[in-house]
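Student: Structure provided below as structure tokens; questions to follow.
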Amino acid sequence: MIMKVTNAFFEAGAAAREESIVRYIQRKYGAASNADFFNLGSGEESLQKFAQYLLGRDILDEGIIDRLIGRIMDNDLHPLQCLRLAQVINDPDEELEGEDKEVLIEKVLELTWPKQLKN
-1 MIMKVTNAFF EAGAAAREES IVRYIQRKYG AASNADFFNL GSGEESLQKF AQYLLGRDIL
59 DEGIIDRLIG RIMDNDLHPL QCLRLAQVIN DPDEELEGED KEVLIEKVLE LTWPKQLKN
């Protein structure tokens, strides 16, 4: 017996897996949105504190900070991007210089996912 399996079969499996990853991250971190994940309110004070936190972590480029905050507030990041950004920003081993963090943040922001797989 020969079975024909089209690309649609594999694409459906990948989409189902991706959706389960998204749900897992959202449940684990109690984050229905990017702002929830980064513990950001929509108020000016919350955004200012987050920007100050980034500056304190040697992320000094205003353009990167503005893009990052804009993408967070627009809920335009995939949950896996949020995880990676948190790792880069917080750098628990303190091995990355500020410039290296900025380059990595830029790279993470450049990643794209299909719209249906975002939050």
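For the sequence shown, my numbering assigns the number -1 to the initial residue and increments by one for each residue that follows.
Glycine included, C-beta positions come from ideal geometry on N, C-alpha and C.
1) Under a three-way DSSP split, which group does LEU109 fall into?
2) For ILE67, report the span of its alpha helix (DSSP H) as first-last.
3) I'd like to know whether the C-beta atoms of LEU102 and ILE23 end up nearer to each other than 8 Å.
4) Can you tell which of THR110, ASN5, GLU60 has its C-alpha closest to the C-alpha of GLU97?
5) Kindly give me the distance between the Cβ atoms of GLU16 and ASP56, rounded to whole angstroms, as I take these residues to be in contact under 8 Å.
6) Let me confirm a value: ASN32 is counted as buried when at least 16 other C-beta atoms fall within 10 Å, else exposed. Which label applies?
Tutor: Straight from the coordinates:
1) Residue state for LEU109 is assigned as coil, using DSSP reduced to three classes.
2) First-last of the alpha helix (DSSP H) with ILE67: 60 to 71.
3) 8 Å or more divides the Cβ of LEU102 from the Cβ of ILE23.
4) Checked all of THR110, ASN5, GLU60; the closest Cα to GLU97 is GLU60.
5) 33 Å between Cβ atoms; not a contact.
6) ASN32 comes out buried.
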